[in-house]
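If you read the sequence shown in my numbering, its first letter stands for residue 738, the second for the next number, and so on.
What follows is a short report on a single structure.
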Amino acid sequence: MNAPPLTAIIRRKLLALVLAPSLVFTLVLGSVIAYRQYAGLTEHNAMLAQSLARYVEAYMTDARHALRHAALEGPAASERILTTALANLYAAFPHFERLLWIDANGDIVAAYPSGMVGMDFPFLPAPAQDGQEVSLPAYAPGAGGLSLYVTHTALRGWRIVAEMDLQTLREHLDEFAPPGATTQLLLADGHGNLIVHPDETLVRQQANVGGWPLFADLGSRERLTATFRQDGVTYAGAVVVLPEMGWRLVLYTPLHEILVPVWRTVAALILFLLAFFSIIAASFRYELHRRVVAPLADFAATLQQAARGDYRNAAVSGADSFAELGVMEHEFTAMAATIAGRERDLRHSRAHLKSIIDSLNSAVLAVDAQARISLMNEGAARMCGLDDPEQARGRDVYELFPILRGARRNLSAALAMGRASTLERQPCVGPANGANGAGVKRSAFLDLSFAPLTGDEASPGAVVRIADVTTRAQLEEIMIQTEKMMSVGGLAAGMAHEINNPLGGILQSAQNIRRRTGPELPANHRTATALGTDMDTIQAYLERRGVLRMLDGISDSGQRAAAIVANMLNFSRRSTSNHAPTDLHALIERTLALAASDYDLKKRYDFRKVNVERTFDPGLPPVPCTPTEIEQVLLNLFKNAAQAMSAMDPPPDTPTLTVTTRKGPGYAEIRVRDNGPGIGPENRKRIFEPFFTTKAPGEGTGLGLSVSYFIVTSNHKGTIILDSEPGHGAEFIIRLPLDDAAAQTPGPGSDPDRGQGRNEGGQGI
C-alpha cells in the first residue's frame, strides 16, 4: 500500500489552497511593479535623450555657424589681421579652445592662441559638400585632452579650423547622466565612432559601437527605445539621431538595476508569507499530531518492527490513543509472541546448518530443477569470486561455475532421475568461475560430486560438491618426478663413470702420441735414424699436415668433456648440508659451465647463446655455505633467465646475463640480472610461493624459486629479493652472511612475505 501519511495529505492541501495562491499573487504583483518601473524608465530615457540631443545639436550648430560667418570674410593678407580676427571670434564663442587659419598647402598661417604658426596640421579632415566637416576625437597636445576639429572652407582653398575641447561638452552632458550613475550616456558619429563616453579611454582608442544591436534595430529611424544585450548585460536604451550632424546620442540603463530592487521587495514578501504560513502550519500540525497522527504512528511503527522480526516491544503506547487501538494491541501482542518463538527456533536451525556447510573445505551448492543456485557455502563463494553467498542466489550454475558445463549429463541425471555420481581429478585450465576471473588457479584439478535432494518431490533439486585436489595431485606428481630424478641422477652418475673410462683412454693415447712424435725422448731419435729419417723431418711433416694441431684439439676437447662430467658428478652427489668456506667465483664459473651444457628442445632455449658478463669483486673472501645448494640456486636463476629471454617476442638483440659479486658489511652479495621481459607487480607478490607458476601445464612445477628461497633463507640465513619492472629485465639479489656463526641467526629474508620475485621459469614464470 503506497498511500501517503495523513500529515502529508493535510500539508499538501494547505500548500495548494493557501500558500500557492499567495505566492502567485505576490509574483504577479511584483511583475506588474517591475513592468511599471521599466515603462517609466524607458519613457524617462527617451525624453532625456531627445533633450540632450537638441542641446548637443545646438552646441555644435552655434560653432559651425560662427565658423561659416568667419569664413565669409575671406583670408586677409597679413598674419596680424588674421590673428586679430581669430582673437575676436575666440572671445565671442567660448566653445572654442583654439582657432586656426590653414592655407591651401595645409600649413598654419595664423592661430589664436598663438604658437602653431608655420606648422603642418595633421588633423585636417576632408571637406564635406557644404564646406564643413567635423573630425574624429583626437588628442590635442595644447588642450591636454581630447578635442574635436570643426573646419569650414574659405576662398582660395583656405580653411578656418576650430578646436573644441570635448571635456567641456562632456561636463555639460554629465550634469544629466553623471559618471557612475545607473543610467549611462554615449555620443557617437554616424559610423559608430565614439565622441563622448563615460570611459575616456575608449574615446582615445576610437572604439566603435556601430555593431551594437541597438544601432542595428534603429535602421533609418530618427529615434528608438528598446532593450538590447551587450557584453552579457541586458540594457533598456533610448537612441536619438542628430539630423544635421548625423550623430547618435544613447542613454542606456542595465535592466538589473531596475528589476533587482523590485524582486528584492517581492522576495521579502514571499519570505514573510512563508514565515506566516510556517507558523500557522506548525500550530495546526502540532494539534493534529497529538490527537490523531501520534497514536496511529505508534501502531504503524510497532507493525514495522514486527515485520522486521523484532517483537520485543509489541505494545502500542500513547496516552491519547483510541479505544479501538487497544483491541488491536491485545490481539497483536499474542500473535507476535507466537511468531517470535517460531522464528527463534528457525534461526537456530539455519545457523547450525550453515556452520556445518561452511566448515567443509569444499565448495557445496544446491541448485533447483532449472540449474539455478538456491544455496551455497563460503567455499563456493570464494571459488566463484563472490563476497557473499547470497549474491549467487537465483543465478545460473553454469555461468558461475564453467567447470560444470562438461558435467551437464551428471547434473541432469541427479535432477531428473535422482542418480548420484562423481567425477575425479577434472582439469580446470583457467579460473573455475566465469564471473570475474577470481577463484581456482590455473592448471587446477577438481573432484565433482552430484547428489539429488530428497524430501521435497514438488521442488526437485541437487547438491553439487566441488573439491580442489590440485595440491594433492601436484604432490603425487612431484613424488613421481622426484623418483624419476633420483633414478636419472643415479644413471647420470653411472654414465659419467662409464664415460670417464674411454675418455681417459683417449686423453692418455693423445698424450702418448704427442710424446712419441716429439724430439724430447732419445728413443724417438734412434727409431727415426733406424728408419732412415730424423725427428726434425718428422716434426716438419706433422706440423705441415696439421697433425699436432689435431692432437691439441683432441686433448682440449677431452679435457672439456672431463670437466663437464666432473660438474655433473658434483651436482648429482647428495649434499651433506655442511657449511664450508667456498670460493664463490669458482662456484659461479662451475654453475655457468653446467648451465651451458643444458639445452632443452621442448623449451627452445640454448644457454650458450646468452652473453654472460662477469663483474667480480677481487676482495671477496671465501663464503661459508653448502656449495651444492648454492650451485642449485644459481643454476635455477641462470636457466630461468635464459628461458625468459628466449621467450620474448621479439627477443633482445643480445641476450645478456650479468653476474655481479661484492663484499658488503658482514655479507657477500651475488646479483643475477638479465635483459628479459621483466616481471609485473601482480606476479612479484607470489613469486616465492610453492606451486605458483604461470607456465603452461607440463612446463613447470612452481617449485624452483620456492626451493631456492628455502635454501638461501632457512639453510644459509641469508636473503633473496627481486628488483624488476615489466620491460626492463629482472635482477635477483642474494646476500649470504660472511660469518658462519651469523648464518645460524635468521636473516631479514627469512620471512616469505619479504621475498618478491619471479618463480620457476624466471622472467617468464
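By construction, the Cβ of each residue, glycine as well, lies at the ideal position given by its N, Cα and C atoms.
Alpha carbon of residue i to alpha carbon of residue j, nearest angstrom
i, j, result
"residue 800", "residue 765", "53 Å"
"residue 1150", "residue 1069", "49 Å"
"residue 1214", "residue 1208", "10 Å"
"residue 686", "residue 1423", "Residue 686 lies beyond the range of the chain shown here (738 to 1502); nothing can be said about it."
"residue 805", "residue 949", "35 Å"
"residue 1185", "residue 1146", "12 Å"
"residue 926", "residue 983", "6 Å"
"residue 751", "residue 991", "39 Å"
"residue 1386", "residue 1374", "21 Å"
"residue 797", "residue 758", "58 Å"
"residue 1161", "residue 1372", "37 Å"
"residue 778", "residue 952", "20 Å"
"residue 1290", "residue 1280", "14 Å"
"residue 942", "residue 753", "59 Å"
"residue 1321", "residue 1158", "59 Å"
"residue 789", "residue 839", "33 Å"
"residue 841", "residue 929", "30 Å"
"residue 1024", "residue 756", "20 Å"
"residue 1300", "residue 1239", "15 Å"
"residue 1392", "residue 1258", "50 Å"
"residue 1378", "residue 1411", "6 Å"
"residue 746", "residue 1021", "13 Å"
"residue 1476", "residue 1319", "12 Å"
"residue 1033", "residue 1045", "19 Å"
"residue 1456", "residue 1361", "15 Å"
"residue 1452", "residue 1317", "13 Å"
"residue 945", "residue 771", "32 Å"
"residue 812", "residue 833", "19 Å"
"residue 1067", "residue 1083", "25 Å"
"residue 1276", "residue 1235", "35 Å"
"residue 680", "residue 955", "In this structure the chain extends from 738 to 1502, so residue 680 is not present and cannot be described."
"residue 774", "residue 1001", "14 Å"
"residue 1089", "residue 1124", "21 Å"
Anticipated Cβ contact below 8 Å, residue i with residue j, distance rounded
i, j, result
"residue 931", "residue 987", "Actually they are not in contact, since the Cβ atoms of residue 931 and residue 987 sit about 11 Å apart, beyond 8 Å."
"residue 1129", "residue 1141", "Contact doesn't hold; Cβ gap of about 13 Å is too wide."
"residue 1349", "residue 1331", "Between residue 1331 and residue 1349 the Cβ distance is about 13 Å, and since that is not below 8 Å, they are no contact."
"residue 783", "residue 975", "4 Å"
"residue 1460", "residue 1470", "7 Å"
Identity of the residues DSSP links to residue i by a beta bridge
i, result
"residue 1401", "1404"
"residue 1385", "According to DSSP, which records beta bridges pairwise, residue 1385 is partnered with nothing at all."
"residue 1186", "1159, 1202"
"residue 930", "945"
"residue 921", "989"
"residue 974", "963, 989"
"residue 1518", "The structure shown does not extend to residue 1518, since the chain is modelled only from 738 to 1502, so the question has no answer here."
"residue 1410", "1395, 1468"
"residue 1474", "1404"
"residue 1110", "1104"
"residue 1460", "1468"
"residue 906", "Its beta-bridge partners do not exist; DSSP assigns none."
"residue 1123", "Answer is none; residue 1123 lacks a bridge partner."
"residue 1164", "1182"
"residue 845", "839"
"residue 1317", "1362"
"residue 884", "875, 902"
"residue 1133", "1109"
Proximity test, residue i beta-carbon vs the ligand ADP heavy atom, cut-off 8 Å
i, result
"residue 1039", "Because no ligand of any kind appears in the structure shown, any question about the ligand ADP cannot be addressed here."
Proximity test, Cβ basis, 9 Å: residue i and chain B
i, result
"residue 1082", "Here chain B cannot be found, since the structure has a single protein chain."
Three-pair Cβ contact test at 8 Å for the segment 1363 to 1371 versus the segment 1325 to 1335:
Three or more beta-carbon pairs drawn from the segment 1363 to 1371 and the segment 1325 to 1335 are found closer than 8 Å, and the two stretches are therefore classed as touching.
Does the segment 1093 to 1102 come into contact with the segment 1114 to 1123, if we say contact requires no fewer than three beta-carbon pairs (one atom in each stretch) closer than 8 Å?
Contact between the segment 1093 to 1102 and the segment 1114 to 1123 is present, because at least three Cβ pairs lie under 8 Å.
Ranges of the alpha helix (DSSP H) found wholly within the segment 1249 to 1306, counting only runs of at least 4
Segments of the alpha helix (DSSP H) lying fully in the segment 1249 to 1306: 1259 to 1267, 1272 to 1281.
Pairs of beta-carbons, one from the segment 891 to 907 and one from the segment 924 to 943, closer than 8 Å: are there three or more?
Under the 8 Å Cβ criterion, the segment 891 to 907 counts as touching the segment 924 to 943, having at least three qualifying pairs.
Looking at C-beta atoms only, is the number of pairs between the segment 1410 to 1420 and the segment 1457 to 1473 that lie closer than 8 Å three or more?
With the cut-off at 8 Å, the segment 1410 to 1420 and the segment 1457 to 1473 touch.
Are the segment 827 to 843 and the segment 1000 to 1018 touching, with three or more C-beta to C-beta distances below 8 Å?
Because the criterion of three Cβ pairs below 8 Å is not met, the segment 827 to 843 and the segment 1000 to 1018 do not touch.
Unbroken alpha helix (DSSP H) runs of length 4 or more, entirely within the segment 1319 to 1364: which are they?
As far as the segment 1319 to 1364 is concerned, its whole alpha helix (DSSP H) runs of at least 4 residues are 1321 to 1333.
Tell me the start and end of each unbroken beta strand (DSSP E) in the segment 817 to 842 that is at least 3 residues and wholly inside, in chain order.
With a minimum length of 3 residues, the unbroken runs of beta strand (DSSP E) contained wholly in the segment 817 to 842 fall at 833 to 839.
Should the segment 1103 to 1110 be regarded as contacting the segment 1197 to 1211, the criterion being three or more beta carbon pairs within less than 8 Å?
Because the criterion of three Cβ pairs below 8 Å is met, the segment 1103 to 1110 and the segment 1197 to 1211 touch.
Counting beta carbon pairs with one atom in the segment 888 to 905 and one in the segment 954 to 966, are three or more of them shorter than 8 Å?
Contact between the segment 954 to 966 and the segment 888 to 905 is absent: fewer than three C-beta pairs spanning the two stretches fall below 8 Å.
For the segment 757 to 789, list the beta strand (DSSP E) runs that are entirely contained and at least 3 residues long, ordered along the chain.
Listed in chain order, there is nothing to give.
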